[in-house]
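All remarks here apply to the structure that follows.
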Amino acid sequence: MKQPYDIIIVGGGMAGASLAIALSGHGLQIALIEAADLKIDTVPNYDDRGIALAYGSQRIFSALNTWSDMAADAEPIRHIHVSEQGGFGFAHLDAEEEGVPALGYVITARNLGAALLKRLSGIQDIDVIAPGRVQWVNIEEDLAHVGLEDQTLSTRLLVAADGGNSFVRQQLCFEVKRREYGQTAIAANITPGLAHRNIAFERFTRNGPMAMLPMTEQRCALVWTVKDEMAGEILSLNETRFLERVQRQFGWRLGKLQRAGKRSGYPLSQLYVPDTVQHRAVVIGNAAHTLHPVAGQGFNLGIRDVAALAEVVLQAVSSGKDPGLLAILERYQEWRRKDQRTVVQLTDALVRSFSNDLLPLRMARNIGLLALEGLPPARHTIARAAMGIHGRLPRLSRGLPV
Ligand SMILES: Cc1cc2nc3c(=O)[nH]c(=O)nc-3n(C[C@H](O)[C@H](O)[C@H](O)COP(=O)(O)OP(=O)(O)OC[C@H]3O[C@@H](n4cnc5c(N)ncnc54)[C@H](O)[C@@H]3O)c2cc1C
-5 MKQPYDIIIV GGGMAGASLA IALSGHGLQI ALIEAADLKI DTVPNYDDRG
45 IALAYGSQRI FSALNTWSDM AADAEPIRHI HVSEQGGFGF AHLDAEEEGV
95 PALGYVITAR NLGAALLKRL SGIQDIDVIA PGRVQWVNIE EDLAHVGLED
145 QTLSTRLLVA ADGGNSFVRQ QLCFEVKRRE YGQTAIAANI TPGLAHRNIA
195 FERFTRNGPM AMLPMTEQRC ALVWTVKDEM AGEILSLNET RFLERVQRQF
245 GWRLGKLQRA GKRSGYPLSQ LYVPDTVQHR AVVIGNAAHT LHPVAGQGFN
295 LGIRDVAALA EVVLQAVSSG KDPGLLAILE RYQEWRRKDQ RTVVQLTDAL
345 VRSFSNDLLP LRMARNIGLL ALEGLPPARH TIARAAMGIH GRLPRLSRGL
395 PV
């Protein structure tokens, strides 16, 4: 133990583990506290759901030297096809048109987590405290203190990466804006009858948006959003009936759906913290913004928080400044505010627009999709935003060391 720490990160999920890796190797004293055992089968969100990593996120992992342990399990997305069930509009994005090898990659949260944990295990300058649950937090002028069951730790900067129900965020009374959707995401890995040809399908159906993303071994990651009241019944269907239901919503672009892996349900709501910093504390990842998975942007937004925060902190430390000062953290906040707010608002607008079945709105949506299809500059802007390579990019997002 090297108390007081320079940085304590609470939460060893994808955001917290990535930040610990990004900050390591620069002479900082870092602690990573995770409530579960820090193993691939025990960290709650390192499960089998497919995560669409934007091209910009892949560049961050490359710069963090973790992509080499992810690449074999990651399938490139070369095209994105957006359509509405029963509608005439569609739009597509294409990697070649954008001049990139892939618009993004799909990897299971388990494989992504395994690569992060492998990298963490080879790092000497991080004290991993797991299992260890933070039970109280106290901020003073010079240090922040966190209490675990059997010890108290102190730090110059406390990072809350402890997920949507963040205990640290609640203890520090950060303002939170919430929206309930009354929807559940059903995730399962599906084996289709036809090759996916690296196309990610986003289909808006009357029963909610459905994504079918290309995975390794010619599987597809299904994320289907349904009303809460339908979720229990769909989750309990046998495999044949479940596949029939998915097929009815998705159509036949991937031939007859053959097999479905384990199904999981995730109740959905949106959470947004407008001001993510205080003196000696910052919230990142799902603790700062929890999104509907309709556009697959939740973790992509979180990893951009990681890249920007690592850069701001390391710049401050290298010029002899205290990284926990509000003035330093406000630089991070100003950098991240626009991206966070835009992605939260656009994701919400997408969910609500496509949840409405009124005929004029359906017409407008389909005309909008067709207009997008016919307007390459608009498509290009949307593609760059979806790839996470717009605006002022941190060094890691440019593939450079932090
Ligand atoms: C169905 C579904 C599909 C998704 N698809 C995509 C996608 O395609 N692309 C994408 O970018 N995102 C996607 N997401 C979002 C993505 O999964 C999340 O953004 C990401 O998992 C959040 O990671 P995190 O580290 O911020 O939080 P979490 O994964 O919630 O990690 C928080 C960690 O903190 C620990 N913790 C909590 N409290 C304490 C405490 N008091 N003390 C110590 N530790 C504590 C927890 O044990 C946990 O390990 C999807 C989400 C869902 C539900």
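Residue numbers (my numbering): -5 to 396.
Positions of the beta carbon are idealized from the N, C-alpha and C atoms, including for glycine.
Just so you know, these numbers come straight off a predicted model, no measurement behind them.
Integer Cβ distance of residue i from residue j, believed to fall under 8 Å
| i | j | result |
| --- | --- | --- |
| V220 | I228 | 6 Å |
| E169 | P38 | Not a contact, Cβ separation roughly 26 Å. |
| E303 | L13 | The sequence shown places Leu at residue 303, rather than the Glu named in the question. Rounded, the Cβ-Cβ distance is 7 Å, consistent with contact. |
| D31 | P95 | With 8 Å as the limit, D31 and P95 do not qualify as a contact, their Cβ atoms being about 36 Å apart. |
| A281 | A181 | The pair is not a contact, with the Cβ atoms about 21 Å apart (cut-off 8 Å). |
| E305 | V396 | 6 Å |
| M8 | L106 | 6 Å |
| A138 | R274 | 4 Å |
| Y326 | K171 | The Cβ separation is near 20 Å, so there is no contact. |
| S258 | R43 | 7 Å |
| L22 | V311 | 7 Å |
Cutoff 6 Å; reference residue i; Cβ partners in own chain excluding five residues on either side
| i | result |
| --- | --- |
| Y99 | L47, Q52, A68 and P70 |
| Q165 | V131 |
| T199 | Q79 and Q243 |
| I383 | G50 |
| Y260 | A179 |
| F195 | H75 and M206 |
| D119 | S18 |
| V337 | Q291 and L295 |
| H20 | L308 |
| T36 | A30 |
Residues near residue i in its chain [Cβ-Cβ closer than 7 Å; skip 5 each side]
| i | result |
| --- | --- |
| Q177 | G202, T219, V220, K221, D222 and L262 |
| F55 | W61 and M64 |
| A289 | T341 and L344 |
| F161 | V128 |
Between the CA atoms of residue j and residue i - distance to the nearest angstrom
| i | j | result |
| --- | --- | --- |
| A372 | D88 | 13 Å |
| E135 | G141 | 17 Å |
| E78 | Q252 | 23 Å |
| A254 | H286 | 23 Å |
| K256 | L231 | 12 Å |
| G279 | C167 | 17 Å |
| L114 | E238 | 42 Å |
| G314 | D41 | 40 Å |
| R386 | T234 | 48 Å |
| F348 | I376 | 18 Å |
| M209 | R331 | 32 Å |
| G10 | R163 | 14 Å |
| E92 | Q129 | 47 Å |
| V122 | Q(-3) | 14 Å |
| R346 | Q339 | 11 Å |
| D144 | W329 | 37 Å |
| N159 | H190 | 36 Å |
| E90 | R72 | 8 Å |
| R378 | R335 | 17 Å |
| E211 | Y(-1) | 44 Å |
| G6 | L248 | 36 Å |
| G398 | M204 | Nothing can be reported for residue 398: it is not among the residues displayed for the chain, which extend from -5 to 396. |
| H374 | Y175 | 30 Å |
C-beta contact flag for residue i and residue j at 7 Å
| i | j | result |
| --- | --- | --- |
| I184 | C214 | yes |
| V277 | T270 | yes |
| V4 | I34 | no |
| R173 | Q264 | yes |
| A85 | E367 | yes |
| G187 | K250 | yes |
| I432 | S18 | Here the chain has residues from -5 to 396 only, and residue 432 is not among them. |
| L58 | M381 | no |
| I1 | I24 | yes |
| I45 | F293 | yes |
| A225 | R127 | no |
Neighbourhood of residue i by C-beta distance below 8 Å, restricted to the same chain and skipping five residues each side
| i | result |
| --- | --- |
| G245 | Q79 and R197 |
| Q272 | I133, L166, F168, L320 and L323 |
| P370 | E91 |
Residue i Cβ short of 6 Å to ligand 2 heavy atom set
| i | result |
| --- | --- |
| P70 | With respect to small molecules bound, the structure shown includes ligand 1 and not ligand 2. |
Okay, do the stretch 303 to 322 and the stretch 149 to 164 touch, 3+ Cβ pairs below 8 Å being the bar? Verdict: yes, contact present.
For the 8 Å Cβ check, are there 3 or more pairs between the stretch 377 to 392 and the stretch 278 to 298? Enough Cβ pairs lie closer than 8 Å, so yes.
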